[in-house]
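Asks: Have a look at the structure that comes next, please.
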Amino acid sequence: MTTEWKSMRLFPIPSIIYLIHNNVQFATLTYVDTSTYQIMGNLKIVTTGILFRLFLRRKLSTLQWMAIVLLAVGTTTSQVKGCGEASCDSLFSAPIQGYMLGVLSACLSALAGVYTEFLMKKNNDSLYWQNVQLYTFGAIFNMARLLLDDFRGGFEKGPWWQRLLDGYSITTWLVVLNLGSTGLLVSWLMKYADNIVKVYSTSMAMLLTMILSVYLFNFKPTLQLFLGIIICMISLHMYFAPSNMLVDLPLTVKALPQSLDEISVNRTTDS
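Numbering (the working numbering), first residue to last: 9 to 279.
What follows is the structure, given as structure tokens:
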């Protein structure tokens with residue numbers, strides 16, 4: 009457990025980035041509808057690959073870049089609604105501020121993920137100690153914002169810690185437990201895999217959610233959903249499969265040279 013300030017002072021940076029990113033997400037939703045928001049959110053797939061290459065110096069092959077772009081196309085295709093639906097007319101009809109905030113949100117999400125991976129792999133500290141540092145600074149910044157809101161409101165509703173758990177139910181606690189467990193699993197991916205694996209797992213989880221919605225909420229699958237799933241599967245295979253499985257190279261059979269014994273025998277016979 010590294011306790012030096014030189015190491016710990018780096019952990020507030022991703023906490024601040026995530027804090028800004030969360031607020032930008034809410035601001036984006038004030039300008040665009042949910043469909044446009046989800047489609048624009050897929051930009052973080054490409055921005056993650058770009059920042060992954062620039063900041064972590066991870067070289068990706070041409071096929072892997074193509075796979076990342078295909079993943080973004082596949083997830084976007086699965087979320088595009090049919091033109092016969094009522095919300096089709098509102099797709100991509102938001103003001104320019106919404107698109108600018110959407111691009112900013114994608115860049116902030118990728119930057120926070122890449123920087124967090126850098127911190128996780130910077131030393132051999134315990135994964136849980138690194139999570140404690142990340143969540144502690146994140147909680148401090150959010151508590152500071154809540155306290156600022158109380159000061160602005162003149163403490164009319166009392167301090168924030170008295171109403172922090174208002175409205176909590178069993179379902180709420182299950183959601184918190186689920187998100188907390190997801191955060192721990194993502195940190196495992198950051199430390200022992202990389203951001204690209206996280207992006208693929210997130211995208212596949214989104215597609216799995218759509219499939220489960222068919223059985224749980226009578227969601228009607230669309231052609232776009234099936235096409236998106238197929239594209240994402242192709243992207244997954246392109247990125248992680250060995251190159252010899254993706255490209256059929258012609259087999260070149262070289263003639264085996266004669267052994268030394270045969271060469272010497274032939275020379276003796278000639279003489």
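Every residue gets a Cβ at the ideal spot worked out from N, C-alpha and C, and that includes glycine.
If you check the beta carbons only, do L192 and S209 fall under 8 angstroms apart?
Replies: Cβ distance not < 8 angstroms, so L192 and S209 don't count as in contact.
Asks: Quick check: what's the CA-CA separation for N226 versus I237?
Replies: Cα-Cα distance, rounded: 19 angstroms.
Asks: Looking only at its own chain, which residues have a Cβ that is under 7 angstroms from the Cβ of I242, when we skip the five neighbours before and after it?
Replies: Excluding positions up to five away in sequence, the list reads L78.
Asks: Within the continuous alpha helix (DSSP H) that includes E125, where are the two ends?
Replies: Its alpha helix (DSSP H) spans residues I104 to M128.
Asks: Quick check for students: name the residue ranges of the alpha helix (DSSP H) that lie wholly in the region 159-247, counting only runs of 4 or more.
Replies: 178-200 and 203-224, all fully within the region 159-247.
Asks: Using only CA atoms, which one of S117, T217, N150 and T70 lies nearest to G49?
Replies: Per the Cα distances, S117.
Asks: Assign V207 to buried or exposed, taking buried as 16 or more other Cβ atoms, counted over all protein chains shown, within 10 Å of its Cβ.
Replies: V207 comes out buried.
Asks: Express the C-alpha separation of I219 and I104 in angstroms, rounding to a whole number.
Replies: When rounded, the distance between both Cα atoms is 33 angstroms.
Asks: Taking just the CA atoms, how far does T42 sit from L216?
Replies: One C-alpha to the other measures close to 19 angstroms.
Asks: Using C-beta distances below 8 angstroms, list every residue in its chain close to R66, excluding the 5 sequence neighbours before and after it, in chain order.
Replies: For R66, where only same-chain residues beyond five positions count, the Cβ hits under 8 angstroms are F60 and D202.
Asks: Determine the direct distance from the alpha carbon of F145 to that of A35, and round the result to whole angstroms.
Replies: So the alpha carbons of these two residues sit roughly 23 angstroms apart.
Asks: Determine the extent of the alpha helix (DSSP H) in which L37 is found, giving its start and end residues.
Replies: First-last of the alpha helix (DSSP H) with L37: P20 to L37.
Asks: If I measure Cβ to Cβ from M9 and keep anything under 8 angstroms in the same chain, skipping five residues before and after, which residues do I get?
Replies: Same-chain partners within the cutoff: D133, S134 and W137.
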